[in-house]
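Everything below concerns the one structure shown next.
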Amino acid sequence: MQDPSARESPVAHLEFKVAALLLLMLLLVCGSVAYVMYARGVFEPTQQLVLLADDSEGVTVGMDLKFSGFPIGRVRRIELDADGSARIVVDVPRDQAHWLRQSSVFTLERGLLGNTSIRAYSGVMGDPPLEGGAVRKVLAGDAAAEIPRLVSAARDLIQNLTALSAAGSPLSASLANLQATTDKLKGQHGAMGMLLGNDQDAAKLVAALDRTNALLARVDAIAAHADAQVFGADGAVSQGRAAIAQLDAALADARQTLEKLDAVLQEAQGVASNVRVATTDLGALRAEVEVSLRKVEYLVDEVNRKWPFARDTELKLP
Amino acid sequence: MVRRAGRIGGFTSRALHYHVRMSPTTSRPGALAELGSLALHWLAGWWRIVRLGGLIVALALSTNHYGRAGRSALFRHIYLSTAPNLLWFAVLSALLSLVVIRIVLVTALSYGLSQYALEMVVRVLVIELIPLTTALFVALRCTIPYGAEIAAMRSRGDFDSLKIQGLDPLRHEVLPRTLAGMFATLMLASMSCVLTLVLAYLSVYGFTRWGFEGYTHTVGQIFEPEVAVIFALKIVLMSLAVSLIPVASVLYDAGHARPRSGVEMRGLVRTFLAILVIEAASLIGNYY
C-alpha cells in the first residue's frame with residue numbers, strides 16, 4: 001500500500017523555506033507587538049499627575065493630555081476621591097514633563113457635541129517644573145451647560161419681540177404712522193407736504209419760494225450793475241488803480257526829496273558838531289585869554305607902580 | 001421511496017416520501033419531534049467539530065508527532081498553503097487597502113473630519129476587514145480544498161491503507177493540513193495588517209518621517225489592551241475555524257449527506273457561520 005503523501009511531488013529545500021516562513025511570521029508578530037507596546041508608551045518612563053475635577057463626565061481612559069495641541073500625557077485611571085470629586089490620574093512621559101510647571105493651569109473642556117479634552121497651559125516657562133505625583137485642580141468648561149441659559153435668554157428675547165410686534169403695540173402704531181408718512185411722500189407735494197402736514201401750507205411755501213426766486217433775480221441784476229460799477233472799464237477799481245499809480249509816483253518824488261534832505265541834515269549835523277567843538281574850544285580859549293589879560297593887567301599895575309606913568313588903563317576886550 | 005395513498009378530507013392524495021424525516025407531519029407533536037431531532041443533529045455536528053478541534057490541539061502540542069515523517073508532512077503542507085499565496089495575496093490586500101484608505105480619506109476630508117480618518121482606517125481595515133478577508137481567502141483557497149482532498153483520500157481507501165500500515169490518518173493527514181491552514185491564516189493576516197499599516201501611513205503623511213510620532217500615537221490609542229487581546233483572539237479563532245470546520249464536515253458528515261447539499265457546501269456554510277459569530281463577538285467586545 002502506498003503512502004498517500006508519497007504521490008505528491010517533493011519540494012526543494014523544504015525545511016529552509018519553512019524556516020524562512022516561520023522566521024518571517026515571528027518577525028511580523030513580534031515586531032507588531034513591540035510597535036504596539038512602544039505606541040502605548042510601555043517603554044517610556046512616566047511620572048504621575050493627578051487632576052481633581054467636580055465632574056469627570058466625558059473623560060475616558062486613554063484620553064490625551066494636550067499642551068499646545070500636542071499630546072504630552074495619557075489618562076491612565078479615573079476614580080472617585082474621598083470627598084466625592086473625580087481623580088483623573090494622568091501618566092506624563094518624563095521627556096515631556098518639562099512642559100508642565102508649578103504655575104501650569106489644567107482645563108477640562110467639553111464641546112457642544114460632547115467631545116471632551118484635557119489641556120495644560122504653562123504661562124511662565126521659567127517657573128520650577130511640576131514634580132511627579134502632583135495634584136492639581138482642573139478648571140472645567142462646558143459649552144453644553146450654556147445652552148439652558150441661552151435658551152432662557154432666547155425665550156425672553158422672543159417674548160419681548162412678541163410684545164413689541166403685537167397688534168396694539170407702539171411699534172405697530174409707529175409703523176402705521178410711517179405708512180401714512182410714506183403715503184404723503186408719494187402725494188402731490190412729496191416730502192414738503194409730509195413735513196408741513198397740509199396742502200395749504202405747502203402752497204404757501206411754494207409761493208414764498210417763487211417770490212424768493214424773483215428777489216434773487218433782482219439781486220442778481222443789482223449785482224451785475226454793481227459789478228460793472230466796481231470792476232468795469234471806468235469803475236472804481238480801475239480809477240483806484242490809477243490813483244494808486246499817481247500816489248506811487250508822488251511817493252517816489254517824496255523819497256528822493258527825503259534823501260536830499262537826509263544829506264542836508266547830515267551836513268547840518270556836521271556843522272552842529274563843529275560848532276559844538278568850537279564852542280567848547282572857545283570856552284577854554286576865553287579862559288586862557290582871561291588868564292593872559294590878568295597877567296597883563298598885573299604887569300601893567302606893577303609897571304605903573306614902579307613907573308608912575310599915567311596911562312589909560314582901560315582894556316577893551318575883543 | 002415509499003408511496004402511500006391516503007384519504008384526507010374526502011380527497012385522494014399521494015404522499016411521496018424521499019426520506020424518513022421528510023414525511024409530512026399532520027400532528028403538532030410530530031413536528032416538534034422533528035424540529036428537536038434537527039436541532040440535536042445540528043448541535044451534534046458542532047460538537048464533533050469542537051471535539052476534533054480539541055484532538056487537533058492536543059496532537060499539535062504533543063511532541064510525539066514531530067518525528068521526521070511527521071515534520072516532513074507538516075512542513076510540506078505549511079509551505080504549500082502559504083508560500084504560493086503570499087505574494088499575490090499581499091498585492092491583492094494592498095490594492096484593496098489602498099482603495100478603502102483613499103475612499104475613507106477623501107470622504108472624511110469632504111466632511112471636515114480628516115482628524116478621524118486615520119483612526120477609522122486602522123479600526124476598519126486592520127482590526128476588522130483584514131482578518132475577515134484573510135480567513136475567507138484561506139478557507140476558499142486552502143482548507144476547503146484540503147477537505148475535498150481528505151474526502152477523496154477516504155473514498156479511495158487511503159485512510160484504510162494508512163491504518164493497515166499502523167499510521168493514524170488523523171495524525172498523518174488531517175493534522176498537518178489543519179496546522180497548515182492555521183499557519184497560513186496567521187501568516188497572511190499578519191503580513192496584510194503590517195502592510196496596511198504602512199500603506200495607511202504613506203497615504204496620510206506621504207514619504208516623510210515627520211508624521212511617525214502622531215501616527216504611532218494614534219495607533220497606540222486604538223490598540224488598547226482589550227482591543228489588542230480581542231484582535232489576537234479573533235485571528236486565532238478564525239484560523240481554527242477555517243482550518244477545522246471543512247475537515248470536520250468531511251470527516252463526520254459524509255455518512256449523513258443530503259442530496260441537496262454536498263458535504264463541502266455544508267462545511268463552507270458552517271465556516272462562514274463560525275466566522276460571522278466570531279466577528280460579531282469581537283465587535284461586541286470592542287464596541288459594546
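Heads up: the sequence lines are chains A and B, in that order.
Going by our numbering, the first sequence opens with residue 1, and the numbers climb by one from there.
Going by our numbering, the second sequence opens with residue 1, and the numbers climb by one from there.
Note that the Cβ used here is the ideal one computed from N, Cα and C, for glycine as well.
**Request:** With 8 Å as the limit, tell me which residues of the region 182-196 of chain B have their beta carbon closer than that to any beta carbon of chain A; keep them in chain order.
**Result:** Of all residues in the region 182-196 of chain B, F183, L186, M187, S190, M191, C193 and V194 have a Cβ within less than 8 Å of some Cβ in chain A.
**Prompt:** Looking at C-beta atoms only, is the number of pairs between the region 119-129 of chain B and the region 48-55 of chain A that lie closer than 8 Å three or more?
**Reply:** no
**Asked** Would you say A/V90 faces chain B, with C-beta separation under 8 Å as the test?
**Response** At a cut-off of 8 Å between C-beta atoms, A/V90 does not count as an interface residue with respect to chain B.
**Prompt:** Ordered along the chain, which non-local residues of its own chain (more than five positions away) have a Cβ less than 6 Å from that of A/M1?
**Reply:** Confidence in A/M1 is poor, its pLDDT being 41 and thus under 50, which makes the residue's placement unreliable; the coordinate value appears in the next sentence. Around A/M1: no qualifying Cβ.
**Asked** From B/G157, B/A241 and B/I150, pick the residue whose C-alpha is nearest to that of B/T185; which is it?
**Response** B/A241
**Message:** Could you tell me the alpha carbon to alpha carbon distance between A/R136 and A/L52, rounded to whole angstroms?
**Reply:** A straight line joining the alpha-carbon of A/R136 with that of A/L52 spans about 6 Å.
**Message:** Between A/S32 and chain B, is the shortest Cβ-Cβ distance under 8 Å, so that the two count as touching?
**Reply:** yes
**Request:** Look at the Cβ atom of A/L334, then the Cβ atom of A/R101, and state whether they are nearer than 8 Å.
**Result:** The question about residue 334 of chain A has no answer, for chain A in this structure spans 1 to 318.
**Asked** Leaving out the 5 sequence neighbours to the left and right, which residues in its chain are closer than 8 Å to B/V100 when beta-carbon positions are compared?
**Response** Same-chain partners within the cutoff: V121, V124, L125 and L129.
**Prompt:** Are A/R87 and A/V61 close, meaning C-beta to C-beta below 8 Å?
**Reply:** No; because the gap between Cβ atoms is not below 8 Å, this pair is not in contact.
**Message:** What are the residues in the region 217-230 of chain B lying within 9 Å of chain A by C-beta distance?
**Reply:** Across the region 217-230 of chain B, CB contacts with chain A closer than 9 Å involve H217, T218, V219, G220, Q221, I222, F223, E224, P225 and A228, in sequence order along the chain.
**Request:** Go through the region 108-165 of chain A residue by residue and report every complete run of the alpha helix (DSSP H) that reaches 4 residues or more, in order.
**Result:** 146-164
**Message:** Residues of chain E with CB closer than 9 Å to the CB of B/I235, please, in chain order.
**Reply:** Among the protein chains in the structure shown, which are A and B, there is no chain E.
**Item:** Minimum length 3: unbroken beta strand (DSSP E) runs contained in the region 56-116 of chain A
**Value:** Listed in chain order, the complete beta strand (DSSP E) runs (minimum 3 residues) inside the region 56-116 of chain A are 64-67, 70-80, 86-93 and 105-110.
**Asked** Using a beta-carbon distance below 8 Å, is B/Y79 in contact with chain A?
**Response** Judged by the 8 Å Cβ criterion, B/Y79 is in contact with chain A.
**Asked** When the distance is taken between beta carbons, is A/I147 closer than 8 Å to A/L65?
**Response** no
**Asked** Hey, does A/R110 have any beta-carbon neighbour from chain B nearer than 8 Å?
**Response** no
**Request:** Identify, in the order they occur along the chain, each residue of the same chain with its Cβ nearer than 8 Å to the Cβ of B/T218, setting aside the five sequence neighbours on each side.
**Result:** Correct list, in chain order: L118, E119 and V122.
**Request:** Please confirm if A/Y38 has its CB atom under 8 Å from at least one CB of chain B.
**Result:** yes
**Coil, strand or helix - B/L233 by DSSP** = When secondary structure is reduced to three states using DSSP, B/L233 falls in the helix class.
**chain A contacts from the region 68-96 of chain B (Cβ-Cβ distance under 7 Å)** = A73, F75, R76, I78, Y79, T82 and A83
**Message:** Counting only C-beta atoms, is A/L21 closer than 8 Å to chain B at any point?
**Reply:** Chain B, which has a Cβ nearer than 8 Å to the Cβ of A/L21, makes this yes.
**Prompt:** Rounded to the nearest angstrom, how far is the Cβ of B/T82 from that of A/L21, given a contact under 8 Å?
**Reply:** 6 Å
**Prompt:** Among residues of its own chain, excluding the 5 on either side of B/F212, which ones have a beta-carbon nearer than 7 Å to its beta-carbon?
**Reply:** none
**Item:** Which of helix, strand or coil DSSP assigns to A/L341
**Value:** This structure does not reach residue 341 of chain A, given that chain A is present from 1 up to 318, and the question cannot be answered.
**Asked** Are B/G220 and A/R149 closer than 8 Å when you measure CB to CB?
**Response** no
**Prompt:** Using 8 Å as the threshold, is the region 270-288 of chain B in touch with the region 227-245 of chain B, meaning 3 or more CB pairs across them?
**Reply:** yes
**Prompt:** Checking contacts by CB at 8 Å: is A/L178 closer than that to chain B?
**Reply:** no
**Inter-residue Cα distance where the pair is B/A228 and B/N286** = 10 Å
**Message:** Using beta carbons (cut-off 8 Å, strictly below), is A/V18 in contact with chain B?
**Reply:** yes
**Prompt:** In three-state DSSP terms, what is A/M1?
**Reply:** In this prediction, A/M1 has a pLDDT of 41, which is less than 50 and means its spatial position is unreliable; nothing more can be read from the coordinates.
**Prompt:** Do the region 121-128 of chain A and the region 93-110 of chain A touch if we need at least three Cβ pairs shorter than 8 Å?
**Reply:** Segments in contact, yes.
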